[in-house]
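Trainee: Under UniProt numbering, residues 1 to 83 are what the sequence shown spells out, in order.
Ideal Cβ positions, reconstructed from N, Cα and C, are used throughout, including at glycine.
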Amino acid sequence: MSSMEGSTGKFPEPAGGGTGASSVKTSWPEVVGMSVEKAKEIILRDKPDAEIEVLPVDAWVTQDLRPDRVQIFVAVADTPTVG
1 MSSMEGSTGK FPEPAGGGTG ASSVKTSWPE VVGMSVEKAK EIILRDKPDA
51 EIEVLPVDAW VTQDLRPDRV QIFVAVADTP TVG
């Protein structure tokens, strides 16, 4: 069973084997529903060299492959107000 199951991650999980490659994390389904700050903290703990981009859910994104980039897509959960 792959940890990508049901995920919309852009990078496939590395193949298992004796090389230790299977410990490379490429998606974080456990952060769904968390604040952006908490999600960043968890992602950076697993991938300290990550260049994290926070984008709206409907944002257009480039299709170039950058293994150091992690994109967090967020939706506005409530009406923004002043004050």
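1) Distance, Cα to Cα, D46 vs A75?
2) I need the boundaries of the alpha helix (DSSP H) containing E37, first residue and last residue.
3) V61 and Q71 - do their beta-carbons sit closer together than 9 angstroms?
4) Assign A77 to one of two classes, buried (16 or more other C-beta atoms within 10 Å of its C-beta) or exposed (fewer than that).
5) How far does the beta strand (DSSP E) with L65 in it reach, from first residue to last?
6) DSSP has P56 in a bridge; who is on the other side?
Mentor: Straight from the coordinates:
1) When rounded, the distance between both Cα atoms is 24 angstroms.
2) 36-46
3) Yes, the Cβ-Cβ distance between Q71 and V61 is below 9 angstroms.
4) So A77 ends up on the exposed side.
5) That residue, L65, is in no beta strand (DSSP E); it is neither H nor E in DSSP.
6) V74
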